[in-house]
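Student:
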Amino acid sequence: MGETVRKQLAEGLARVSSLDVADKIDSPANLFIKKWLGQPRCLSDVGLFGRNMLQLPLRSISQGYRQEKVRVVLDLRESTDHLVRAAGSQVRTVRKWKAQEKVDKAVIRLKYHEVIGRVKVG
């Protein structure tokens, strides 16, 4: 094998092995759910948790983790107590995904859409 192929393979394996805790729990749980439903292992998470014809009352563990972290960030930021808002406490998340950054991007996106308004297409 060439040196570049080895390097790319090592980088890919490093990314695969650096999953956060929620993803490590999520993967075996998803496999068990697919097995329990009699679905093939190759069924994607979109097929399992998406809003399709057969919408199941299931939620991904990692998706729930991220939603709760975002909820905590918003609770701290929008608190009625001025001391809680001024404390500047940080919500700890994994290094691949930052709740504070996601909330900031969502707020910027909402402000942008508020300024632009509804755009008629077609």
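For the sequence shown, counting from 1, position 19 maps to 1350 in the numbering used here; every step adds exactly one.
Glycine residues also receive a C-beta, built at the ideal position from the N, C-alpha and C atoms.
Exposed or buried, what is N1383 when buried is set at 16 or more other beta-carbons lying within 10 Å of its beta-carbon?
Tutor: exposed
Student: The alpha helix (DSSP H) that contains G1395, what's its start and end?
Tutor: 1392–1408
Student: With contact counted as at least three CB pairs below 8 angstroms, one residue from each stretch, are the segment 1428–1448 and the segment 1403–1412 in contact?
Tutor: Because the criterion of three Cβ pairs below 8 angstroms is met, the segment 1428–1448 and the segment 1403–1412 touch.
Student: Taking buried to mean at least 16 other C-beta atoms within 10 Å of its own C-beta, is S1393 buried or exposed?
Tutor: By the Cβ neighbour-count rule, S1393 is buried, with 16 or more other Cβ atoms within 10 Å of its own.
Student: Throw me the rounded Cβ distance for the S1391 and D1412 pair, which I believe falls under 8 angstroms.
Tutor: With 8 angstroms as the limit, S1391 and D1412 do not qualify as a contact, their Cβ atoms being about 33 angstroms apart.
Student: By how many angstroms is the C-alpha of I1364 removed from the C-alpha of V1401?
Tutor: 26 angstroms
Student: Please state if the CB of V1403 and the CB of V1422 are separated by a distance shorter than 7 angstroms.
Tutor: Yes.
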